[in-house]
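Novice: First the structure, then my questions, so here it is.
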Amino acid sequence: MSRKNRIENLVNQELVPVYLNVEDESGNHHVPEGAQTHFKLTVVSSRFTDLSKIARHRLLNQLFKEEFELGLHALSMHLFAPDEWERRGNTVLNSPACKGGFNKEHRNT
1 MSRKNRIENL VNQELVPVYL NVEDESGNHH VPEGAQTHFK LTVVSSRFTD
51 LSKIARHRLL NQLFKEEFEL GLHALSMHLF APDEWERRGN TVLNSPACKG
101 GFNKEHRNT
């Protein structure tokens, strides 16, 4: 099972989202093809209604603890209660372009 599928399954089981989008953004970064290391996650769930933003992120970081141990490197999280999602117009911003990280070709020396 792919990491994307595992993420989707965990979120569906634990948060019962009204909206879920999991994007593998690994191809936008300097990683080997098929690495599955960088993801963008948008979750709308009533579980977030009474949680602060930091509490939401802590919840998801704990949920994905094993994935981070297995090589998940970056997770962009956009976590909303249903009313917040509606106020935003049901959208999130696009991820910024990769700056090259520690790739030798892009390092300033």
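When we follow the UniProt record's numbering, the leftmost residue of the sequence shown carries the number 1, and every step to the right adds one.
The beta carbon of each residue, even a glycine, is placed where N, CA and C say it ideally should be.
Quick caveat: nothing in here was measured; it's all calculated off a predicted structure.
Give the DSSP-derived three-state secondary structure of V18 in the structure shown.
Specialist: V18: coil per DSSP, three-state reduction.
Novice: Out of curiosity, what's the CA-to-CA distance linking G71 and L41?
Specialist: Each residue's alpha carbon lies about 16 angstroms from the other.
Novice: Give me the DSSP bridge partner(s) of F80.
Specialist: According to DSSP, F80 bridges with V44.
Novice: DSSP state of F102, grouped into three classes?
Specialist: Below a pLDDT of 50, predicted positions are generally treated as unreliable, and F102, at 47, falls in that range; the measurement from the model is reported next regardless. In this structure, F102 counts as coil in the three-state DSSP scheme.
Novice: To the nearest angstrom, report how far apart S46 and F64 are at their CA atoms.
Specialist: Roughly 19 angstroms separates the two Cα atoms.
Novice: Per DSSP, what kind of secondary structure is F68 in: helix, strand or coil?
Specialist: In the structure shown, F68 sits in a helix (DSSP, three-state: H, G or I).
Novice: Going by DSSP, which residues form a beta bridge with A74?
Specialist: The partner list for A74 (beta bridge, DSSP) reads H38.
Novice: Taking 8 angstroms as the cut-off, does the region 73-91 touch the region 55-64 (at least 3 CB pairs, one atom from each stretch)?
Specialist: Touching, yes, given that three or more Cβ pairs across the two stretches are closer than 8 angstroms.
Novice: I think L10 touches V43, with their Cβ atoms under 8 angstroms apart; what is that distance to the nearest whole Å?
Specialist: L10 to V43, Cβ: 11 angstroms. No contact.
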